[in-house]
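Accompanying notes for the structure given below.
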Amino acid sequence: MKRLLREPLLHFLLLGAGLFFAYRLLQRNGGGQEPGQIVVTRGQIEQLAAGFAKTWRRPPSPEDLAGLVRERVREEVYCREAMALGLDRDDTVIRRRLRQKMEFVTDDIAALAEPTEADLDEYLRTHPDSFRVEPRLSFKHVYLDPQKHGETLAEDSAQLLTRLNQPGGEADPSARGDSLLLGSQFADLPASEVAKLFGEPFALELGRLQPGRWQGPVASGYGMHLVFLGERTEGRLPALAEVRDAVRREWDEAQRIAANEAFYQELLKRYSVTIESPQSEAEPGKLAASGAR
39 MKRLLREPLL HFLLLGAGLF FAYRLLQRNG GGQEPGQIVV TRGQIEQLAA GFAKTWRRPP
99 SPEDLAGLVR ERVREEVYCR EAMALGLDRD DTVIRRRLRQ KMEFVTDDIA ALAEPTEADL
159 DEYLRTHPDS FRVEPRLSFK HVYLDPQKHG ETLAEDSAQL LTRLNQPGGE ADPSARGDSL
219 LLGSQFADLP ASEVAKLFGE PFALELGRLQ PGRWQGPVAS GYGMHLVFLG ERTEGRLPAL
279 AEVRDAVRRE WDEAQRIAAN EAFYQELLKR YSVTIESPQS EAEPGKLAAS GAR
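Per my numbering, the sequence shown starts with residue 39, numbered consecutively.
The following block contains the structure:
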């Protein structure tokens with residue numbers, strides 16, 4: 039029961055029900071205003087003044103405030119008349135903005151949910167790929183250009199590999215092989231960065247090599263490489279304490295998406311949806327006849 043009371047979606051549904059109840063009351067009461075009556079409330083005037091101060095970094099003068107109120111009345115008049123004429127209907131920009139404002143309601147409700155450490159730990163365990171620390175590699179390589187070596191590429195690679203593994207053979211590996219603008223040595227590079235530089239197959243093969251000796255050849259998008267893997271730090275799933283902020287952000291976003299979907303599904307229950315076929319009247323008969331065969 040305690041677990042249920044902490045459930046964010048339950049909070050959302052309760053708050054959402056209260057919100058719609060208040061909304062219905064306002065609708066019945068005409069929002070406190072009679073048709074044809076415009077009331078600029080004290081709260082609205084304070085909002086206008088606060089917005090002015092935030093923009094201009096000073097409080098509005100009496101003249102400024104009077105101008106803001108006049109514009110507020112003008113906006114209200116135009117909005118009411120435009121809606122009376124139906125100008126808000128089938129307007130894509132207005133429809134998107136109204137949808138956005140409805141979604142803001144659920145965003146605010148979802149933001150009220152506070153996760154426990156158990157909630158965050160469970161989210162981390164059920165979404166490990168979003169937070170996993172990837173392997174890191176330190177290596178050096180000697181590049182062999184297939185265009186320069188042609189048919190002798192395999193033989194040249196084998197001979198060079200033998201020399202590199204001899205005592206003193208790797209004294210200056212950058213002086214061996216062919217030039218490549220990427221460089222010849224890399225320290226503590228994430229596996230994803232290795233894949234960006236040399237390609238995914240190269241990174242995968244590098245992850246399988248044993249550290250401490252020259253090996254290869256290993257193919258990349260550039261050609262062939264003889265590789266010395268110095269150190270490999272294996273990937274791992276971090277503890278919650280290491281990535282708590284990131285997990286909290288992802289958890290909040292998941293709650294927001296779930297709240298929006300639950301909100302929409304509740305609203306959808308109020309409607310009967312009919313989706314008409316885009317086919318012409320003559321074509322459905324053809325489709326039915328063809329389906330009967």
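Glycine residues also receive a C-beta, built at the ideal position from the N, C-alpha and C atoms.
Item to check | Bridge partner(s) assigned by DSSP for R246 | outcome: Answer by DSSP bridge pairing: none, since R246 is not bridged.
Checklist entry - Taking the runs of the alpha helix (DSSP H) that are 4 residues or longer, which of them lie wholly in the segment 136–204? => result 155–164, 184–187, 191–202
Checklist entry - Which full runs of the beta strand (DSSP E) of 3+ residues lie inside the segment 215–241, going along the chain? => result 223–228
Item to check | Where G215 falls, given that 16 or more other Cβ within 10 Å makes a residue buried | outcome: buried
Checklist entry - From this set, R174, R251, L235, E243, which residue's C-alpha is nearest P333's C-alpha? => result No answer is possible for residue 333: the residues shown for the chain start at 39 and end at 331.
Checklist entry - In terms of DSSP beta bridges, what is F90 paired with? => result Answer is none; F90 lacks a bridge partner.
Checklist entry - Taking the C-alpha atoms as reference points, what is the distance between L64 and V78? => result Reliability of the predicted coordinates at L64 is poor, the pLDDT of 42 falling under 50, and the value obtained from them is presented with this limitation in mind. Going by the C-alpha atoms only, they are around 16 Å apart.
Item to check | Cβ-based burial, Y116 [other Cβ within 10 Å; buried from 16] | outcome: exposed
Checklist entry - K178: buried (16+ other C-beta within 10 angstroms of its C-beta) or exposed? => result buried
Checklist entry - What's the C-alpha gap between N67 and Q75? => result Because N67 sits at a pLDDT of 41, beneath the cut-off of 50, its placement in the model cannot be relied upon, and the following sentence gives the value as read from the coordinates. Looking at the two C-alpha atoms, the distance is approximately 13 Å.
Next on the checklist: Buried or exposed for A229, going by 16 or more other Cβ atoms inside 10 Å?
Outcome noted: buried
Next on the checklist: Could you check whether V256 and F266 sit closer than 8 Å to each other, using their CB atoms as the reference points?
Outcome noted: no
Next on the checklist: Please list the terminal residues of the continuous beta strand (DSSP E) segment that includes V33.
Outcome noted: The question about residue 33 has no answer here: the residues shown for the chain are numbered 39 through 331.
Checklist entry - D183 and G254: beta carbons closer than 8 Å? => result no
Item to check | Spatial neighbours of R174 in its chain, beta-carbon cut-off 6 Å, leaving aside the 5 residues before and after | outcome: D226, P228, T271
Next on the checklist: Between the alpha carbons of H263 and R163, how many angstroms are there, rounded?
Outcome noted: 38 Å
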